[in-house]
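Take any residue in the sequence shown, note its place counting from 1, add 148, and you have its number in the numbering used here.
The next block holds one structure in the form of structure tokens; read it before the comments.
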Amino acid sequence: MQTVMMTSTLPLAQTGATLAFIVFPMVGSILLAYGIYQAVMETRHGQRRRLADRLRGRAGARDVKIGPGESIMRNKALADAGGFMAEHIARLSFTPKLQSLIDQTNLGWSASRMMVNQVAIAIGLLFGLPILHQHLIVAILAAVGALVLPVFWLKMRRVRRMKLLTNQLPDVFEIMAQALRAGHSLASALEVVNDQLPDPVSSEFGRVFHEQNLGIKIEDALLSMAERVDSLDVKFFVTAVLIQRQTGGDLAEVLDKIGGVIRERIELFGLVQGLTAEGRLSGWVLFALPMVVFAAVNVLNPDYAGTLFEETAGKIMLMVAGGMQLMGLAMIRWIVNIKI
């Protein structure tokens, strides 16, 4: 009797495994293709979306309320959803934060579509790589990378952009001060910055100029820039402008002083970077040296290092060593990262 039951359940198990082997790769491939398609379309239509945002008066004022309990960032994510899944993702609590991060990189993407693309590509890698005879752990790591690496890339792009913007601010304030002394209005001074200076200051200050041309109050446009741009110097500038517009005073002189302070801080930051260059270089050397030595040993004597890849204990040791390497690099960077 037991033999009959075993023989009857065996074909069912084989059939289920065969269906899973066929269905999962198909679903994964479809989702992977959908994610790539959405990423391409997002890049092509980013400029069009930004223009539509400005025409609808939604491009600025991240926290300016447009209705009971609705913010600009959440409304933008909902408007750009464009799908059932994306619409539900856009309602999550962290979506406005991701949208703010994307806006700080000036890419013109929508957070909801980006997360849909990440999920689709991650699922495609998770089910597609095992079909290509890759280990399940590799597929899981690739799927996690598809979810995490784009966010890290956005943060790195934001840091580079904000650093470049900060270095350009002294020239911005100098040009604006000269324009104000020549009799131009604040809006005209912003237009001069947009015309004469390169990105990113031209796009950020030009965005303020275009928003006030479309009917948004210049105070709201400046507050939007202060929220969008992750720079303390920009917040000082916006605060000075708002106080001057309420109480009066010589804004050109204030801009000269702010520009001078920023120049001195940039010089001090360069000095600190030079003094800590040895520590940062040591951190990268200590991080790369074990991997280089291990790769050389693996090439010269594969049997000696191959045990780490074959035994379970060896794999655990490699993962622990990699984690400790990352922790050491993070600690060194934290020590030499001096705030100015």
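For every residue, glycine included, the Cβ atom is placed at its ideal position computed from N, Cα and C.
Since we're looking at a predicted model, the values are computed, not measured.
| Asked | Found |
| --- | --- |
| Range covered by the alpha helix (DSSP H) that runs through Gln122 | Since the first and last residues shown for the chain are 149 and 488, residue 122 lies out of range. |
| Meets three-Cβ-pair contact criterion under 8 Å: the region 354 to 368 and the region 295 to 306 | no |
| Straight-line gap, Phe442 to Asp319 (C-alpha atoms, nearest Å) | 49 Å |
| Beta-carbon proximity list for Met324, same chain, < 6 Å, skipping 5 on both sides | Ala337, Leu403 |
| Integer Cβ distance of Leu334 from Val389, believed to fall under 8 Å | 7 Å |
| C-beta contact flag for Leu313 and Pro278 at 8 Å | no |
| Segment contact, 8 Å Cβ cut-off, at least three pairs: the region 426 to 440 with the region 477 to 488 | yes |
| At least 3 beta-carbon pairs within less than 8 Å: the region 405 to 418 vs the region 374 to 394 | yes |
| Buried/exposed call for Asp343, threshold 16 Cβ in 10 Å | exposed |
| Same chain, Cβ closer than 6 Å to Arg222, neighbours up to 5 away in sequence not counted | Residue confidence is low: Arg222 scores 46 on pLDDT, short of 50, so the model does not pin down where it sits. No coordinate-derived value is stated. |
| Whole runs of the beta strand (DSSP E) within the region 239 to 287, excluding any shorter than 3 residues | none |
| Boundaries (first-last residue) of the alpha helix (DSSP H) holding Leu474 | 460 to 484 |
| Rounded C-alpha distance that separates Met304 from Ala478 | 15 Å |
| Per-residue DSSP class, three states only, for Ile364 | coil |
| Reduced DSSP secondary structure (H/G/I, E/B, other) of Met221 | Model confidence at Met221 stands at a pLDDT of 46, short of 50, so the residue's coordinates are unreliable and nothing is read from them. |
| Straight-line Cα distance separating Arg393 from Gln326 | 18 Å |
| His310 and Ser241 closer than 8 Å at C-beta | Reading the sequence as shown, one finds Met at residue 310 and not His. Taking 8 Å as the Cβ cut-off, Met310 and Ser241 do not qualify as a contacting pair. |
| Ala335: first and last residue of the uninterrupted alpha helix (DSSP H) it sits in | 334 to 344 |
| Supposed close pair Phe321, Glu339 - CB separation, criterion 8 Å | Not really, about 15 Å apart at Cβ, beyond 8 Å. |
| Val386 in three-state terms, based on DSSP | helix |
| Simplified DSSP state of Asp451, which is helix, strand or coil | helix |
| Residue of Phe353, Asn361, Leu362 minimising C-alpha distance to Leu370 | Phe353 |
| C-beta contact flag for Val341 and Ser351 at 8 Å | no |
| Own chain, CB closer than 7 Å to Leu113, minus 5 neighbours either side, in chain order | The chain is shown only over 149 to 488; residue 113 falls outside these bounds and no answer can be derived. |
| Where Gly331 sits in the DSSP three-state scheme | coil |
| Burial state of Asn361 (16 or more Cβ within 10 Å) | exposed |
| Gly431, buried or exposed, once every other Cβ within 10 Å from all chains shown has been counted against 16 | buried |
| Short CB-CB distance (under 8 Å) between Ala388 and chain D | No chain D is part of this structure, which consists of one protein chain only. |
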